[in-house]
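**Student:** Dumping the structure here so I can ask a few things about it.
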Amino acid sequence: MSLTVPDFSALRVLVIGDLMLDQYWFGPTSRISPEAPVPVVRVTGGEARAGGAANVAVNLASLGAGTVLGGIVGEDAGGEQLQRLLAERGIEFHGVRSARHPTITKLRVLSRNQQLIRLDTENQYDSEDVEALAPVAEGLLDAAQACVLSD
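Next comes the structure, spelled out in structure tokens:
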């Protein structure tokens with residue numbers, strides 16, 4: 009059986025949704041904390057990835073699609089990092105930078121190939137941020153052949 013991947017290079021896709029920064033910290037653990045019955049992880053490395061709708065955009069771009077992303081990020085280091093990750097993949101970001109809410113961030117701590125905890129930084133966006141995104145998204149629709157709404 010042969011499989012073929014369609015040619016996405018002529019396709020322009022608009023992705024709208026919740027933008028997230030997925031962070032991973034990893035390292036060895038060899039003892040239990042004296043403060044609480046939890047492992048102590050000595051962080052030796054980490055990485056960041058686009059999450060949520062931004063991950064959908066990254067996947068579409070990896071297939072060769074021209075990808076445009078709309079969403080809300082905070083006016084913070086996480087928002088800047090997410091925008092850098094998107095730019096490295098050739099993804100156009102058109103969105104709202106909110107001074108009122110931080111970028112949604114999911115931080116996972118891993119040791120010995122096991123996730124120990126996930127720490128979420130997330131607030132519900134207010135109507136002002138959502139209303140600011142609506143005209144941006146509407147303005148991008150005409151140039152897109154497909155639109156993905158990602159929640």
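Residue numbers (this note's numbering): 9 to 159.
Just so it is clear, CB atoms sit at the ideal spot from N, CA and C, and this is done for glycine as well.
Predicted model only: the values in this text are computed from it and were never measured.
What separation, rounded to the nearest whole angstrom, lies between the Cα atoms of S10 and L71?
**Tutor:** 18 Å
**Student:** Applying the criterion that 16 or more other CB atoms from any shown protein chain within 10 Å of the CB defines a buried residue, is L93 buried or exposed?
**Tutor:** Answer is buried; the Cβ neighbour count reaches 16.
**Student:** Have a look at Q153 and S17 and give me their C-alpha separation to the nearest angstrom.
**Tutor:** 12 Å
**Student:** Pair every Cβ in the stretch 22-36 with every Cβ in the stretch 54-72, then say whether three or more of these pairs are closer than 8 Å.
**Tutor:** yes
**Student:** Using a Cβ-Cβ cut-off of 7 Å (strictly less than) and excluding sequence neighbours within five positions of L127, which residues of its own chain qualify?
**Tutor:** L115
**Student:** For the beta strand (DSSP E) containing R126, name the first residue and the last one.
**Tutor:** Q122 to T129
**Student:** How many Å lie between A69 and P42 at the Cα?
**Tutor:** 46 Å
**Student:** Within the same chain, show all residues whose beta-carbon is closer than 6 Å to that of V66, passing over the 5 residues directly before and after it, in chain order.
**Tutor:** A58 and R97
**Student:** Could you tell me the distance, in whole angstroms, from the CA atom of Q91 to the CA atom of P47?
**Tutor:** 33 Å
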